[in-house]
């Protein structure tokens, strides 16, 4: 009698370990290889490597390593399966979709790719996010090209009538693209006729504001950037740097790292780490004649002062960048705190801080008007804040006109409440929508049952109205 091989079901997450009998399945093995290629971004050419074939043969002689075209077809099959699952989830879900889109540039080929992500609340009140499309976009990236790509994505996924808003980075091309897209969609299907359709990314706006402020010490930043690049350019220089760290008894174990010039938070982290090794850089400048980019004592001081001030901005950026939880309810109080912080910086004894604050305030005031309405509503709906948070911060920011600012947000709250209480014909045009199914149900009921059904809906709406009014008061 042949002895059976036992295997552990370690890949089945969430289930207790279980030993089961094993029999080789070529199709399962091929599918798992495709999953490994997807998960770890292995090149398709891995199946042509002699070493990989020998390794596979040693593990399981019965497994015939498939060719590249077979693996490509297997990966496409997996994609179509998950795409179908996601489409069923998106289409069947009753809630609207919040769309975010961004352009990504590949570091090696300098090609542009558009990422389109849908965010929604599922039937169990869980926040869901799904990447709907990641596609190459040929140059030039004009408003027409970007608009067509987005519209094709919406039509392909059949979500053009379920969109609540689109969040994009703050730039003129995106503004023009959204205007063009708005013209191509039916405004009657959008909330408040499309007034909330275009959302600016708060994290990106914050990035633009801080980048302008950092421009004040750009010479010092360039020297620190060049210093980091110099001492991380080779293994020999890194070893010399670490040797000097030990000589000066510097206790930090953080590694030097270059920033991404377009992301201020990475610049902040680079400066923060470089400041820990200030004495190391100075000592090395006396030993290495080729190293000529060491910052002056004054520039080190500016970098230290700026880092201390920007620490709060860094924490807020991290908060805004959360992906596993809603962040918009945190935007309003934190944006207001930022403006109050800048107000204090304008009276700093340090001239560099004052100049930096002046530039940042100009940008802040320019962007504030395009974001504060919606973020104000989200703060009001947060049971910890309600309308009090508007009154508190607006009194500090707009001493003479705070009541008008509060009334604007309150009016927007009532508009949204009315929109959800009495939905327009919007939802009637969405496939097998809930409004259509409810009308079909009513046709099969007696007049009394229809009356009771409508009464129950009216009571629920009245209860919701009382709740929201309680929040607004």
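In the working numbering, the protein residues as written are 4 to 476.
Every residue, glycine too, gets a C-beta built ideally from N, C-alpha and C.
Everything numeric in this text was worked out from a predicted model, so none of it was measured.
Nearest residue (CA-CA) to residue i, options the options
i           : options            : result
residue 104 : 60, 149, 81        : 149
residue 376 : 310, 201, 357      : 201
residue 288 : 262, 156, 230, 338 : 230
residue 128 : 146, 151, 97       : 97
residue 73  : 363, 50, 422, 267  : 50
residue 141 : 108, 164, 161, 393 : 108
residue 102 : 92, 135, 214       : 135
residue 45  : 219, 214, 71       : 71
residue 257 : 245, 266, 312, 251 : 245
residue 176 : 189, 188, 143      : 143
residue 487 : 65, 39, 42         : Here the chain comprises residues numbered 4 to 476, so residue 487 is not present and cannot be evaluated.
residue 29  : 47, 59, 125, 41    : 59
residue 91  : 312, 80, 290, 161  : 161
residue 299 : 285, 332, 334      : 285
residue 485 : 369, 335, 420      : Any answer about residue 485 is impossible in this case: the structure gives the chain only from 4 up to 476.
residue 179 : 151, 321, 305      : 151
Within 7 Å, strictly: CB atoms of residue i and residue j
i           : j           : result
residue 348 : residue 360 : yes
residue 56  : residue 100 : no
residue 393 : residue 379 : yes
residue 163 : residue 207 : no
residue 391 : residue 317 : no
residue 138 : residue 117 : yes
residue 397 : residue 388 : no
residue 363 : residue 345 : yes
residue 193 : residue 146 : no
residue 205 : residue 323 : yes
residue 2   : residue 32  : Not covered by the structure: residue 2. The range shown for the chain is 4 to 476.
residue 219 : residue 358 : yes
residue 353 : residue 410 : no
residue 319 : residue 332 : no
residue 271 : residue 209 : no
Buried or exposed by the 16-neighbour rule on C-beta atoms within 10 Å, applied to residue i
i           : result
residue 262 : buried
residue 429 : Any answer about residue 429 is weak, because its pLDDT of 42 lies below 50 and its placement is not dependable; what the coordinates show is given next. Flag for residue 429 reads buried.
residue 54  : exposed
residue 433 : Residue placement at residue 433 cannot be trusted, given a pLDDT of 45 that sits under 50; the coordinates are not used to answer.
residue 196 : exposed
residue 203 : buried
residue 232 : exposed
residue 416 : buried
residue 130 : exposed
residue 251 : exposed
Spatial neighbours of residue i in its chain, beta-carbon cut-off 8 Å, leaving aside the 5 residues before and after
i           : result
residue 303 : 223, 278, 281
residue 61  : none
residue 81  : 34, 37, 38, 41
Run of the beta strand (DSSP E) containing residue i, from where it starts to where it stops
i           : result
residue 360 : No beta strand (DSSP E) contains residue 360, which is instead part of the alpha helix (DSSP H) from 354-371.
residue 108 : 100-108
residue 130 : 130-139
residue 123 : 115-124
residue 169 : 166-171
residue 201 : 201-203
Sequence-distant residues of its chain with Cβ nearer than 6 Å to residue i (five each side left out)
i           : result
residue 296 : 226, 229, 230
residue 339 : 396
residue 181 : 201
residue 435 : Residue placement at residue 435 is flagged as unreliable, the pLDDT there being 44, under the threshold of 50; the coordinate-derived value follows with that caveat. Around residue 435: no qualifying Cβ.
Same chain, Cβ closer than 7 Å to residue i, five either side skipped, listed in chain order
i           : result
residue 186 : none
residue 442 : Below a pLDDT of 50, predicted positions are generally treated as unreliable, and residue 442, at 45, falls in that range; the measurement from the model is reported next regardless. If we look at residue 442 and ignore the five residues flanking it on each side, it has no Cβ neighbours.
residue 69  : 33, 50
Continuous alpha helix (DSSP H) stretch holding residue i: start and end
i           : result
residue 253 : Where residue 253 is concerned, there is no enclosing alpha helix (DSSP H), given that its DSSP letter is neither H nor E.
residue 155 : 146-160
residue 397 : 391-400
residue 55  : 53-62
residue 270 : 267-279
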